[in-house]
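Participant:
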Amino acid sequence: MAGRSAIWRVGFVVDRLPPPTVVQALEERAEAVSVFAHEVNDELEPLSWRIDLFFTEMPDAGALRRELDALLQAQGVALGELPTTLVLEEEWVRQATAQRGPLRVGRYFVHGAVDRGRIPPDVIALEIEAGLAFGSGEHESTRGCLLALDWLARRRRPRRVLDVGTGSGILAIAAAKTWPCRAVAVDIDRIAVAVAAENASLNGVATRVSVVFGDGCRSLLVRRAGPYDLVLANILADPLIAMAPELRDGLRPGGHAVLSGLLDRQAPRVIRAFLARGFHPVRHIELGRWSTLVLRRGARHERSARGVGRSTSPAD
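With the first letter of the sequence shown counted as 1, position 202 gets the number 200 in the working numbering; the numbers rise by one all the way through.
(1) Considering only DSSP beta bridges, list what W288 is partnered with.
(2) Just how far apart, CA to CA, sit A242 and L257?
(3) Mapping the DSSP letters down to three states, classify V12 as helix, strand or coil.
(4) Taking Cβ positions, are V229 and L291 nearer each other than 7 Å?
(5) For E55, tell me which candidate among V75, R27, V33 and R48 has the shortest Cα-Cα distance.
(6) Work out the CA separation of G115 and D185 for me, nearest whole Å.
(7) Assign A231 to buried or exposed, taking buried as 16 or more other Cβ atoms, counted over all protein chains shown, within 10 Å of its Cβ.
(8) Distance, Cα to Cα, A255 vs L245?
(9) Under DSSP, the beta strand (DSSP E) around D161 begins and ends at which residues?
(10) What would DSSP say about D213, mapped onto helix, strand or coil?
(11) If you drop the 5 nearest sequence neighbours on each side, which residues of the same chain put their C-beta closer than 7 Å to that of I269?
(12) Beta strand (DSSP E) containing E125: first to last residue?
(13) Residue range of the alpha helix (DSSP H) that L145 falls in?
(14) Quick check on I117: buried or exposed, where buried means 16 or more other Cβ atoms within 10 Å of its Cβ?
(15) Specify, as a first and last residue, the run of the beta strand (DSSP E) that N232 falls within.
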């Protein structure tokens, strides 16, 4: 079998979260990468992490093993067995969609093709099939971002939106279906770019969502399309902190940033980094052990306020 009809998955477990440089190196080696907590303690802190690498052709097990050993051992991470599984892409999507089912998040209804006949009235429907690109609505970080958009929709009307690390494109699509805005969705994963573009077309917003391949706020196309009224970034804590200067430069004064992909215990560190760049935290959504932050960029003469509204309820 060739092409994208078959997916090879290589999964392994490590005892610590690899730094962003390692994750980026893995993304350059594989078609797509998934990183998530494998085991947690009683306080829901990760004890180990599972990493899945996805390939459209069967990888050379020996060469891959040597590359991973060199990459991870430099970080003091031991690598165990590397089981490889062949999954038909159609079966992958079918199983993932069946396990997920439709999802209601605020005003949004996230569903697959099989649930088109079950869309309730008075919702914003987002048709996103489960697949290789992250972001089909079920993860707490994606849900937190959708809740943040739901909250902002009652208060703001952005005209230009940027979605950094777009994955499936769900957040850019949600923004384009919430407001009459133009959105730029950027990702460093070429499969994610293709998937996001396909999803934008499927949801009828392809003329207002531009999907580009690039390194977030550093991308020339992203910079040229700015400044933005709203920036969405559902990525990891360390990359969020690292991109704070570029994100501030790309956001209009008074514009908002929605940041997610961080654990609750990481939120204070991210908030401090953005406070130092003149941001005001205005909303903190907690779902399980994951946090989503809504911050506003202040004008030059404004001082950052430290008060922040906190929500653990989707209804708030």
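Each residue gets a CB set at the ideal place from its N, CA and C atoms; glycine is no exception. A quick note: this is a predicted structure, and the numbers were derived from the prediction, not measured.
Facilitator: Taking the structure as given:
(1) As DSSP reads the structure, W288 sits in a beta bridge with L261 and L285.
(2) Cα atoms of A242 and L257: separation of roughly 11 Å, rounded to the nearest angstrom.
(3) Reduced to three states, the DSSP call for V12 is strand.
(4) Not closer than 7 Å, so no.
(5) For E55, the nearest C-alpha among the options comes from R27.
(6) D185 and G115: Cα-Cα distance of roughly 31 Å.
(7) By the Cβ-count criterion, A231 is buried, with 16 or more other Cβ atoms from all chains shown falling within 10 Å of its own Cβ.
(8) Taking the straight line joining both Cα atoms gives about 8 Å.
(9) For D161, the uninterrupted beta strand (DSSP E) run begins and ends at R158 to V162, by DSSP.
(10) In this structure, D213 counts as coil in the three-state DSSP scheme.
(11) Shown here for I269: same chain residues with a beta carbon closer than 7 Å to its own, the five before and five after excluded, namely P279 and L291 in chain order.
(12) Residue range I122 to E125 is occupied by the beta strand (DSSP E) that includes E125.
(13) Its alpha helix (DSSP H) spans residues E138 to A151.
(14) Exposed.
(15) Residues Y226 to N232.
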